[in-house]
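Number of protein chains: 2
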Amino acid sequence: MTNETFSIGELARATGTKVETIRYYERIGLLPLPARTGGNYRAYARPHLERLGFIRRGRDLGFSLDGVRELLRLSDDRDRPCTEVDRIARAHLAQVERKLADLTMLRGELRQRIDQCRHGTVADCRIIEALAPHA
Amino acid sequence: MTNETFSIGELARATGTKVETIRYYERIGLLPLPARTGGNYRAYARPHLERLGFIRRGRDLGFSLDGVRELLRLSDDRDRPCTEVDRIARAHLAQVERKLADLTMLRGELRQRIDQCRHGTVADCRIIEALAPHA
DNA sequence: ATGGACCCTGTAGCTGCTACAGGGTCAATC
DNA sequence: GATTGACCCTGTAGCAGCTACAGGGTCCAT
Chain P
11 MTNETFSIGE
21 LARATGTKVE
31 TIRYYERIGL
41 LPLPARTGGN
51 YRAYARPHLE
61 RLGFIRRGRD
71 LGFSLDGVRE
81 LLRLSDDRDR
91 PCTEVDRIAR
101 AHLAQVERKL
111 ADLTMLRGEL
121 RQRIDQCRHG
131 TVADCRIIEA
141 LAPHA
Chain L
11 MTNETFSIGE
21 LARATGTKVE
31 TIRYYERIGL
41 LPLPARTGGN
51 YRAYARPHLE
61 RLGFIRRGRD
71 LGFSLDGVRE
81 LLRLSDDRDR
91 PCTEVDRIAR
101 AHLAQVERKL
111 ADLTMLRGEL
121 RQRIDQCRHG
131 TVADCRIIEA
141 LAPHA
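Listed in order, the protein sequences are those of chains P and L. Residues in the first sequence are numbered from 11 upward in steps of one, following the numbering used here. Residues in the second sequence are numbered from 11 upward in steps of one, following the numbering used here.
Here you go:
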């Protein structure tokens with residue numbers, strides 16, 4: 011039987027997570043409490059490794075910790091329809107798209123300000139002018 | 011002479027800022043301390059209104075509070091060349107562009123996952139599959 | 001004098017970590 | 001057997017940029 015365990019440092023290296031972050035995930039109940047060694051070290055098993063991997067990939071896809079938590083919960087019930095999963099992912103996508111639209115607008119405005127800057131003095135800088143109203 | 015003053019609530023309404031946010035800006039030294047009335051109410055003058063307007067527009071353009079602080083400092087010296095202003099704005103633009111690139115990638119990945127979802131059970135959901143490795 | 005809208009200070013909460021301080025453990029080396 | 005050094009432990013505080021109280025005071029109209 012395979013009953014290998016991992017220290018928190020090994021888990022960190024294996025998943026590209028900082029040790030403190032792993033402890034943080036534990037604290038907020040995202041990662042279950044691992045067994046402890048005689049010297050009170052955390053002893054993780056394979057399921058922990060997988061779960062942490064799941065969390066990391068979810069975060070990489072931009073899901074919030076609550077989103078990840080929900081996805082983890084849903085992924086446990088293998089037989090349920092994935093309607094909910096789909097809904098969460100779509101909601102997240104919509105949010106990403108909103109943010110993209112916002113940032114695109116922002117980029118446009120910034121570019122315009124910067125392009126109009128004639129590199130004179132602050133008194134007639136278009137960037138400052140855009141911020142200070144009356145001048 | 012025009013020596014009108016504004017209450018914090020009036021300033022809030024005039025600039026679309028929450029009252030607490032104004033007090034916060036004061037606390038971190040972004041907005042100068044206003045005069046006080048007999049009843050210890052803040053009594054703002056026109057320069058405060060303008061300064062807060064500047065801050066808000068800077069924030070709307072996505073500058074950090076430190077960025078805004080720097081821009082405010084620079085805007086005081088009307089005769090200096092606007093090189094520094096330009097540099098700050100360009101650095102910010104570059105950051106916005108990096109974020110845009112990241113989010114665009116993210117959107118692509120999310121769309122792909124969602125498109126591949128066949129709306130079956132969680133067991134063969136592509137979204138979950140992308141997160142859990144082995145399955 | 002009473003009500004309601006406004007104001008005050010101070011503190012704690014939010015997200016998602018990160019960074020200590022001040023200690024304990026473990027394996028290897030001298 | 002003592003010492004190093006890498007690792008681990010808990011607990012707390014900090015970051016940005018607000019936001020939300022609690023527990024009071026003020027001002028003005030009725």
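Ideal Cβ positions, reconstructed from N, Cα and C, are used throughout, including at glycine. Computed from a predicted structure; not experimentally measured.
- Comparing alpha-carbon positions, the option among P/Leu75, P/Val78, P/Val29 lying closest to P/Tyr54 turns out to be P/Val29.
- A residue is called buried when at least 16 other Cβ atoms come within 10 angstroms of its Cβ; P/Gly68 meets this threshold and is buried.
- Bridge partners of L/Pro91 according to DSSP: P/Thr131.
- Between P/Arg117 and L/Val106, the CB-CB gap stays under 8 Å.
- DSSP lists no bridge partner for L/Arg97.
- Taking C-beta separations shorter than 6 Å and ignoring five residues to either side along the sequence, the partners of P/Val95 in its chain run Leu84, following chain order.
- Note on geometry: alpha-carbon atoms of L/Gly26 and L/Ile65 lie some 11 Å from one another.
- Taking a cut-off of 8 Å for Cβ pairs, the stretch 34-42 of chain L and the stretch 72-83 of chain L touch, as three or more such pairs fall below it.
- Taking P/Glu14 as the centre and dropping the five residues before and after it, the same chain places the C-beta of Ala55, Arg56 closer than 8 Å to its C-beta, in chain order.
- Secondary-structure assignment with DSSP links L/Arg52 through a beta bridge to L/Arg46.
- When Cβ-Cβ separations below 8 Å define contact, P/His58 makes no contact with chain L.
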